[in-house]
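The sequence shown begins at 29 in our numbering and counts up by one.
Ideal Cβ positions, reconstructed from N, Cα and C, are used throughout, including at glycine.
What you are looking at is a predicted structure, and each value in this text was computed from that prediction instead of being measured.
Report on one structure; see the data block that follows.
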Amino acid sequence: MSQFLFDDTQSPPSNAFRILLTGFGPFYHYKENPSWLAVKSLHNAIITPDSLLNPITVDGKVIALDDGMGGSRPIHITALEVPMTYEAVLDTVPGFHARPPLLPPDLKQTFFPTPASGYDFIFHVGVAGRGPLRMERLGHKLGYHMKDASGKLASIVQSSPKDNSGADDRLVAENIERERLGMEIVENPGGETTTRPTRGFGTGYDSFPDEIMTDIDVLRLVQDLKRSGTEQIYTSMDAGHYLADYMYYCSLAESKRNVKPYEKRRSTQVLFMHCPPVGQPLTTEDVTEAIKRIIVWVCNELLAMDEADDDAPGVKASTISNAKGSVLNIAKAGEPKPV
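Here's what the structure looks like:
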């Protein structure tokens, strides 16, 4: 079984999928965030399906990422640590989705030029409490009342009547997240009759809904991973209304913002995964292997999407048949019309 490769001297292959993988920085009692521990070893890695410990099968077939020329299309990963603050998320995540993407200027590692057309897939990883991996399906716009690593809260936003709907659900999610992280970092309303202000995304995100779901089929992803040997994983509909949720919503919104209706290109796919603290029960190596498997699965989906677009009628075909069976000549772009 081959291992994934690292090369800080050469640019990524021109046909490589470009992946941005993020983990969070230190907070609370974590001098090094477990999410970053699992992510950082993959920086500048080039992986292929045969670099996995066990193959992934989809519909009974082993993922190969066939490039159409008898080879496997490589995947290049850029790994980045994001400080665990609301401000850092707002300062960095929109740049991840720019074209070309913009990375923070003060990076210490070796980073290759970002892809001009944007990353194919942005995968965020954060830590939660003890238990399996959690693949999050959606991000929330409002309801952020827990302090970040710097002791600050998310911005106050203008509330509206509909903002109060689901408040009980947000409180339950908040309590669960506090219990998972073992932290007491919740905003104090200041009195029994004082209502906490609405916090979350305001200016610049007004047109986005209260919840945004990922375009990735998380249910099928988890099913395929379980069938292929990754058993400690499940789906989640609540990312916790903390930094993980905040980053996820921001990234999902920016992905949608940067797709123009007149462009024939797929949007950058976005996903968030929660991992447990080290050894509870998964090791860092277990989480890293799961990250690789998820990336390969998503890239296989992207390859299928690209092939479907290429095979769309009138896009690449040089001849098609009409309803009567007669062959019609269709000129490709740049080709002279047949005479």
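What span of residues does the beta strand (DSSP E) with residue i cover, start to end?
{"i": "residue 178", "result": "Taken as a continuous stretch (DSSP letters only), residue 178 belongs to no beta strand (DSSP E), as it is neither H nor E."}
{"i": "residue 262", "result": "261-264"}
{"i": "residue 239", "result": "239-241"}
{"i": "residue 46", "result": "45-52"}
{"i": "residue 73", "result": "73-75"}
{"i": "residue 168", "result": "166-168"}
Does the distance from the C-beta atom of residue i to that of residue j stay below 8 Å?
{"i": "residue 71", "j": "residue 137", "result": "yes"}
{"i": "residue 153", "j": "residue 265", "result": "no"}
{"i": "residue 167", "j": "residue 273", "result": "yes"}
{"i": "residue 315", "j": "residue 75", "result": "no"}
{"i": "residue 101", "j": "residue 43", "result": "yes"}
{"i": "residue 52", "j": "residue 63", "result": "yes"}
{"i": "residue 271", "j": "residue 322", "result": "no"}
{"i": "residue 159", "j": "residue 186", "result": "no"}
{"i": "residue 306", "j": "residue 65", "result": "yes"}
{"i": "residue 169", "j": "residue 228", "result": "yes"}
{"i": "residue 40", "j": "residue 139", "result": "no"}
{"i": "residue 121", "j": "residue 275", "result": "yes"}
{"i": "residue 309", "j": "residue 157", "result": "no"}
{"i": "residue 129", "j": "residue 142", "result": "yes"}
What residue range does the alpha helix (DSSP H) around residue i cover?
{"i": "residue 65", "result": "62-67"}
{"i": "residue 251", "result": "246-255"}
Between residue i and the ligand NAD, is there a pair consisting of the residue's CB and a ligand heavy atom that are separated by less than 7 Å?
{"i": "residue 281", "result": "This structure lacks the ligand NAD; in fact it carries no ligand of any kind."}
Rounded to the nearest angstrom, how far is the Cβ of residue i from that of residue j, given a contact under 8 Å?
{"i": "residue 263", "j": "residue 246", "result": "5 Å"}
{"i": "residue 68", "j": "residue 92", "result": "Not really, about 28 Å apart at Cβ, beyond 8 Å."}
{"i": "residue 368", "j": "residue 318", "result": "In the structure as shown, the chain starts at 29 and stops at 367, and residue 368 therefore has no counterpart that could be examined."}
{"i": "residue 83", "j": "residue 256", "result": "7 Å"}
{"i": "residue 326", "j": "residue 244", "result": "6 Å"}
{"i": "residue 261", "j": "residue 333", "result": "23 Å between Cβ atoms; not a contact."}
{"i": "residue 242", "j": "residue 165", "result": "6 Å"}
{"i": "residue 73", "j": "residue 105", "result": "5 Å"}
(request) Starting from the N-terminal side, write out each stretch of the beta strand (DSSP E) that is 3 residues or longer and does not extend beyond the stretch 104-160. (result) 149-155
(request) Pair every Cβ in the stretch 117-129 with every Cβ in the stretch 278-295, then say whether three or more of these pairs are closer than 8 Å. (result) yes
(message) Count Cβ pairs between the stretch 75-83 and the stretch 237-253 that sit closer than 8 Å; are there 3 or more?
(response) no
(message) Count Cβ pairs between the stretch 290-300 and the stretch 140-150 that sit closer than 8 Å; are there 3 or more?
(response) yes
(message) Count Cβ pairs between the stretch 104-123 and the stretch 161-181 that sit closer than 8 Å; are there 3 or more?
(response) Proximity of the stretch 104-123 to the stretch 161-181 meets the contact definition, three or more beta-carbon pairs being nearer than 8 Å.
(message) Report the start-end ranges of each beta strand (DSSP E) in the stretch 284-347 that is 3 residues or longer and not cut off at the edges.
(response) 297-303
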